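Student:
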Amino acid sequence: MILPTKPIKLYSNFTPKPFLNLHLPALPSKPRTISFQILCCSDPPTPSSSSSSSSSQTLVSILRAIPDWADQVKERGMRQNRVLYSHEKWVHHRSSLRHVRHLLSSLSSRVILSLVPPVIVFTLVAVVIASYNSAVLENWLPEFFPVLRASSLPYQLTAPALALLLVFRTEASYSRFEEGRKAWTKVVSGTNDFARQVIAGVANSSDAPLKNALLQYIMAFPVALKCHVIYGSDIQRDLHNLLELDDLSVVLNSKHRPRCIIEFISQTLQLLRLEESRRNTLVNPFLD
879 MILPTKPIKL
889 YSNFTPKPFL
899 NLHLPALPSK
909 PRTISFQILC
919 CSDPPTPSSS
929 SSSSSSQTLV
939 SILRAIPDWA
949 DQVKERGMRQ
959 NRVLYSHEKW
969 VHHRSSLRHV
979 RHLLSSLSSR
989 VILSLVPPVI
999 VFTLVAVVIA
1009 SYNSAVLENW
1019 LPEFFPVLRA
1029 SSLPYQLTAP
1039 ALALLLVFRT
1049 EASYSRFEEG
1059 RKAWTKVVSG
1069 TNDFARQVIA
1079 GVANSSDAPL
1089 KNALLQYIMA
1099 FPVALKCHVI
1109 YGSDIQRDLH
1119 NLLELDDLSV
1129 VLNSKHRPRC
1139 IIEFISQTLQ
1149 LLRLEESRRN
1159 TLVNPFLD
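Under this note's numbering, the residues of the sequence shown are numbered 879 to 1166, in order.
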């Protein structure tokens, strides 16, 4: 058995040490320079300019109302938990009434809501062009105004390419989802295996505090990794039941939080009273 050569400290090994207070002699300060600031007098804003700026801000806020609303709905939908389909859900999905259900739920679809702002913009542009052409054809405008025309050939040529692009993009999104699911399953299974080996391998009663701390770090690692890759996650709320306050403060102040927890795990393994071969057996699955 290898005995530790230094006293065991669970939560002070990773806290930053204060720097030494060095009393340096006072250096001569730089000569002061007098700076002059020239103030240019300008006319006070007239009521007409302030009213025009307020009206422009009101117009911008009205134009941004629909895009901001669509963005808020999309962001709320992104934060919803998504579960994999079970057999019962697949039966419900294959039912003949799914078309009615999809039609009724179309207004809450994130895809449709994301298309609302650009569809409105292009519809308004089309209305303006159609109104202009109608005014020219009805001789409501002078004769030198031309009729706007465009050939449909570019749209016919690009339609098949656009359809293929949408199909490939959908397939790529599904492949990325499957790859991420496999990677996350590997992380969870590796953490469970590592925790099982720690529970079975560390049997010394004197290492019980270190063992409990190590198990806390192992449970906190996938949670910290999840918060690291998901935007808008509250890592303090997710980890406050898994880590002590000192460790949690160190994790929150670190730049890369999953790596900080890995350092906790590695240093705790070094403090355990284990043989080198047994320690390597515990570390190897975690490194893989």
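Each residue gets a CB set at the ideal place from its N, CA and C atoms; glycine is no exception.
Source: prediction; values computed, not measured.
Check each candidate in LEU1019, LEU981, LEU1103 and name the one with the smallest Cα separation from LYS1064.
Tutor: It is LEU1103 whose Cα lies nearest to the Cα of LYS1064.
Student: Determine the contact status of THR1146 and ALA1091, defining contact as a CB-CB distance below 7 Å.
Tutor: Yes. Within cutoff.
Student: Using only alpha-carbon positions, find the residue among ILE1139, ARG1027, ALA1037 that is nearest to VAL1128.
Tutor: Of the candidates ILE1139, ARG1027, ALA1037, the one whose C-alpha sits nearest the C-alpha of VAL1128 is ILE1139.
Student: Hey, PRO995 and ILE944: beta-carbon distance below 7 Å or not?
Tutor: Going by C-beta atoms, PRO995 is nearer than 7 Å to ILE944.
Student: Between the beta-carbon of ALA1098 and the beta-carbon of LEU1123, is there less than 7 Å?
Tutor: No. Outside cutoff.
Student: Quick one: measure Cβ to Cβ for ASN1082 and ARG1151, integer angstroms, because I've assumed they're closer than 8 Å.
Tutor: Sure, about 6 Å apart at Cβ, within 8 Å.
Student: Less than 8 Å between C-beta atoms, sequence neighbours within five positions excluded: which residues of the same chain meet that for ASP946?
Tutor: Correct list: empty, nothing qualifies.
Student: So, with DSSP's three-state summary, where would you put ILE1108?
Tutor: Looking at ILE1108 - three-state DSSP - the assignment turns out to be coil, as it is neither helix nor strand.
Student: To the nearest angstrom, how far is it from the Cα of LEU1019 to the Cα of TYR1010?
Tutor: Each residue's Cα considered, the two are about 9 Å apart.
Student: Suppose the cutoff is 8 Å on Cβ atoms and the five residues either side in sequence are ignored; what does the same chain contact list for SER992 look like?
Tutor: Closer than 8 Å at Cβ, skipping near neighbours: ALA948, LYS952.
Student: At the level of alpha carbons, what is the spacing between ALA1078 and TRP1062?
Tutor: The straight-line gap from Cα to Cα measures roughly 24 Å.
Student: Is it buried or exposed for PHE1142, if we count other Cβ within 10 angstroms and need 16 for buried?
Tutor: Under this definition PHE1142 is a buried residue.
Student: Roughly how many whole angstroms lie between the Cα atoms of TYR1095 and ASN1131?
Tutor: Between TYR1095 and ASN1131, the C-alpha separation is close to 16 Å.
Student: How would you call VAL1076, buried or exposed, if buried means at least 16 neighbouring beta carbons within 10 angstroms?
Tutor: Buried: at least 16 other Cβ atoms inside 10 Å.
Student: Give the secondary structure of ASN1082 by DSSP, where H, G and I count as helix, E and B as strand, and everything else as coil.
Tutor: Coil at ASN1082, not helix or strand.
Student: Measure the Cβ-Cβ separation of PRO1100 and THR1069 and say whether it is below 7 Å.
Tutor: Their beta carbons are under 7 Å apart, which means PRO1100 touches THR1069 by this criterion.
Student: Taking the alpha carbon of VAL1003 as the reference point, which residue from GLU1021, LEU982, LEU1026 has its own alpha carbon closest?
Tutor: Checked all of GLU1021, LEU982, LEU1026; the closest Cα to VAL1003 is LEU1026.
Student: State the Cα-Cα distance for the pair SER1053 and CYS1105, rounded to the nearest angstrom.
Tutor: Each residue's Cα considered, the two are about 22 Å apart.
Student: Which residue comes first and which comes last in the alpha helix (DSSP H) that contains SER1144?
Tutor: 1135-1149 is the span of the alpha helix (DSSP H), which, as asked, contains SER1144.
Student: May I ask you to report which of helix, strand or coil DSSP gives ASN1119?
Tutor: Here ASN1119 sits in coil by DSSP.
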